[in-house]
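Working notes for the structure below.
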Amino acid sequence: MNLKIWKNVGLSLRKRADILLLLCILGLPIPAYGLSLDSLSIGTGNDWYTMGLGYNQDDGFSFGSSLEATFDNNLSFQTFVRSYTDRIQSNRRYDEIQIGASYPFLFTPTTTIGIGAAGSAGVVLTGNLGLQTIQNWFHTLIGRDLVTLTYDENQFWVHPYLALKTQAAYLGSNTLTGIELGTSYAHQWELLFEANAFISYHGFLTLRLGYVEKYVEDLYPSQSIQEQRYEGLRLAYVYDGGLLQSSFFSFLDSGASYGSFNVNVLAFKLPKTYKQTDFTFTSGILYNHEGHQNRLVAFSFGSFSFEVKHTNGPMLNRWEDQNDRMNLGSWQLGYRWEFESPSAFLTPYAKVSAGLHRFNLQQNYTTTLVEEVRPSIGMEVGLSIGTTCWWVVGNTSYHPRLAVSLSYVFNANSITTVEYFKPHTGPWILMAGIVLDIDHDLT
Numbered sequence: 001m002n003l004k005i006w007k008n009v010g011l012s013l014r015k016r017a018d019i020l021l022l023l024c025i026l027g028l029p030i031p032a033y034g035l036s037l038d039s040l041s042i043g044t045g046n047d048w049y050t051m052g053l054g055y056n057q058d059d060g061f062s063f064g065s066s067l068e069a070t071f072d073n074n075l076s077f078q079t080f081v082r083s084y085t086d087r088i089q090s091n092r093r094y095d096e097i098q099i100g101a102s103y104p105f106l107f108t109p110t111t112t113i114g115i116g117a118a119g120s121a122g123v124v125l126t127g128n129l130g131l132q133t134i135q136n137w138f139h140t141l142i143g144r145d146l147v148t149l150t151y152d153e154n155q156f157w158v159h160p161y162l163a164l165k166t167q168a169a170y171l172g173s174n175t176l177t178g179i180e181l182g183t184s185y186a187h188q189w190e191l192l193f194e195a196n197a198f199i200s201y202h203g204f205l206t207l208r209l210g211y212v213e214k215y216v217e218d219l220y221p222s223q224s225i226q227e228q229r230y231e232g233l234r235l236a237y238v239y240d241g242g243l244l245q246s247s248f249f250s251f252l253d254s255g256a257s258y259g260s261f262n263v264n265v266l267a268f269k270l271p272k273t274y275k276q277t278d279f280t281f282t283s284g285i286l287y288n289h290e291g292h293q294n295r296l297v298a299f300s301f302g303s304f305s306f307e308v309k310h311t312n313g314p315m316l317n318r319w320e321d322q323n324d325r326m327n328l329g330s331w332q333l334g335y336r337w338e339f340e341s342p343s344a345f346l347t348p349y350a351k352v353s354a355g356l357h358r359f360n361l362q363q364n365y366t367t368t369l370v371e372e373v374r375p376s377i378g379m380e381v382g383l384s385i386g387t388t389c390w391w392v393v394g395n396t397s398y399h400p401r402l403a404v405s406l407s408y409v410f411n412a413n414s415i416t417t418v419e420y421f422k423p424h425t426g427p428w429i430l431m432a433g434i435v436l437d438i439d440h441d442l443t
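Per our numbering, numbering of the sequence shown is gapless, rising by one per residue and ending at 443.
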């Protein structure tokens with residue numbers, strides 16, 4: 001168990017990439033070395049994922065995609081695809097594609113103390129890589145304004161890069177705590193330093209708080225603007241549920257954030273060892289009474305839970321001016337009851353919660369009209385679908401849940417005088433949607 005936790009924690013790079021990596025893998029003489037592919041994770045991300053923090057301007061590191069292949073000896077190949085826009089200052093944009101490989105080394109002087117290092121090498125492509133076309137196709141699909149900006153250059157550059165991350169940690173009661181230092185250098189592009197404190201629970205849920213410092217070459221006019229957004233104090237988490245994975249970071253000084261979701265397509269090969277539920281990770285989509293999509297993330301131990309709901313972007317009741325953007329979030333502690341059901345396939349439940357709601361309104365991206373936090377209480381009812389072992393992957397059990405929630409925000413009348421924002425501030429907030437519970441067996 002100890003060795004498994006050490007291998008699963010933080011030294012692996014974040015799981016983001018695109019299909020270009022697959023082409024690289026197919027071209028490698030892997031069979032000659034007798035390596036076996038352990039995992040193949042494909043994913044995508046967006047700055048819409050805020051956990052209720054910061055100010056999503058739909059700008060900066062706007063979206064990306066991911067693929068990572070890891071072999072049974074812990075050698076991994078990654079490709080990270082990133083689209084950067086700046087429509088507030090320079091009205092320019094550029095793209096990045098990073099292709100590389102990494103390998104971790106672990107030293108364990110005792111069963112509870114570990115020292116590790118992971119080295120990486122590869123190339124970073126920058127410039128016009130065609131991501132504006134993809135972004136505007138998606139914006140057309142969802143009815144958002146197009147993001148048509150001039151590329152800093154119509155060609156692209158290739159920058160070799162090297163990276164190193166070191167880590168020292170203590171393992172106690174299946175929880176790993178420690179510090180890590182990292183640096184990376186892309187020739188004629190960027191030099192990065194980072195330092196983090198982290199805590200990892202059973203190797204599948206890792207929280208980080210740290211500091212990032214960047215030095216850029218100013219190859220493009222907007223590159224220094226992105227440097228300012230993505231350095232400073234950073235809060236992050238990484239969740240690895242075997243089949244489904246997610247990650248999130250927020251730079252607390254600038255308010256810039258980004259989240260991603262990945263699928264490990266090889267997870268179905270894992271032996272089914274799930275027997276009981278010790279921890280539950282929940283992800284879902286709920287729509288409020290105004291028609292806005294909210295993302296739900298929750299962490300549960302038994303009947304107790306901590307959950308986050310958040311939404312951001314232009315308002316449906318002010319769709320003609322999409323430069324005015326709201327950022328809404330709630331952080332709640334909850335307690336849940338499940339009831340006996342005549343159907344083993346459908347289980348009714350009820351939950352009560354209490355916590356905080358945040359209301360933020362930005363005009364023309366950067367002018368704050370509203371920034372308020374209020375206490376709130378709530379209730380949720382719904383139906384869990386499926387039996388305990390209905391869909392088992394490895395040591396996890398997946399089952400969807402239909403949910404309807406009603407929250408009451410205290411002192412909501414004093415939140416804003418902006419008429420078009422008032423419908424989004426309560427006091428009653430009704431939501432309904434579908435969520436996915438991922439139950440973990442930690443034995």
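Where is the CB? At the ideal position from N, CA and C, for every residue including glycine.
In terms of CA proximity to Asp-58, Arg-325 leads the group Arg-325, Ser-353, Arg-208 and Leu-192. If you look at Ser-305, you'll find it in the beta strand (DSSP E) that goes 304 to 314. Here His-289 is exposed. Its C-beta has fewer than 16 other C-beta atoms within 10 Å. Every unbroken stretch of the beta strand (DSSP E) spanning 3 or more residues and falling wholly within the segment 52 to 89 is given here in chain order: 60 to 71 and 76 to 86. The beta carbon of Gly-172 sits closer than 7 Å to the beta carbons of Thr-112 from its chain, once the five residues preceding and following it are set aside; these are given in chain order.
Taking each of Phe-306, Ser-62 and Ala-267 in turn and checking the Cα distance to Asn-136, the smallest one comes out for Ser-62.
Excluding sequence positions up to five before and after Pro-160, its CB lies within less than 6 Å of the CB of Val-123 and His-187, all in the same chain and listed in chain order. Around the Cβ of Phe-304, a 10 Å sphere holds fewer than 16 other Cβ atoms; the residue is exposed. Nearest in C-alpha terms to Phe-198, of all of Trp-189, Leu-191, Leu-209 and Glu-68, is Leu-209. Excluding five sequence positions before and after Glu-213, the CB atoms of its chain that fall closer than 6 Å to its own CB belong to Phe-193 and Glu-231, given in chain order. Of the residues Asp-95, Tyr-398 and Ala-354, the one whose Cα lies closest to the Cα of Tyr-335 is Ala-354. For secondary structure counted as the beta strand (DSSP E) over 3 or more consecutive residues, the segment 235 to 302 holds these complete runs in sequence order: 244 to 251, 257 to 264, 279 to 288 and 293 to 301. A straight line joining the alpha-carbon of Pro-314 with that of Leu-191 spans about 35 Å. Secondary structure of Leu-369 (DSSP, three-state): strand. No Cβ-Cβ contact shorter than 8 Å links Ala-121 with Lys-165. Between Ser-260 and Ser-246 a beta carbon distance of about 7 Å is seen, short of the 8 Å cut, so the two are scored as contacting. Closest in alpha carbon position to Thr-183, among Phe-105, Asn-196, Leu-176 and Asp-95, is Asn-196. Listed in chain order, the non-local C-beta contacts of Asp-439 below 6 Å within the same chain comprise Thr-277, Thr-280 and Ser-397, local neighbours out to five positions each way being set aside.
Here Leu-356 really is in contact with Ser-330; their C-beta atoms are around 7 Å apart, less than 8 Å. A straight-line Cα-Cα distance of about 10 Å links Tyr-94 and Gln-226.
Shown here, Asn-413 sits in a helix according to DSSP, grouped into three states. Less than 8 Å divides the Cβ of Val-308 from the Cβ of Gly-52. Tyr-49 sits in coil when the DSSP states are folded into three classes, being neither helix nor strand. The beta carbon of His-310 sits closer than 7 Å to the beta carbons of Thr-50, Met-51, Gly-52, Asn-294, Arg-295, Leu-328 and Gly-329 from its chain, once the five residues preceding and following it are set aside; these are given in chain order. Counting along the chain, Asn-136 sits inside the alpha helix (DSSP H) bounded by residues 131 to 142.
If you ignore the 5 residues before and after Pro-423, its C-beta comes within less than 8 Å of the C-beta of Glu-290 and Asn-317, all in its own chain and listed in chain order. Gly-130 has its alpha-carbon roughly 16 Å from the corresponding atom of Thr-44. Annotated three-state conformation of Tyr-420 is helix, per DSSP. If you draw a straight line from the Cα of Leu-207 to the Cα of Arg-234, it comes to about 11 Å. Here Arg-358 has Gly-52, Gly-329 and Val-373 as same chain residues with Cβ atoms under 6 Å from its own Cβ, once five neighbours each way along the sequence are excluded. Contact annotation, Ser-41 with Asn-262: C-beta distance approximately 4 Å; criterion of less than 8 Å satisfied.
Ranked by Cα distance from Pro-427, the first of Asn-411, Ala-350 and Asn-360 is Asn-411.
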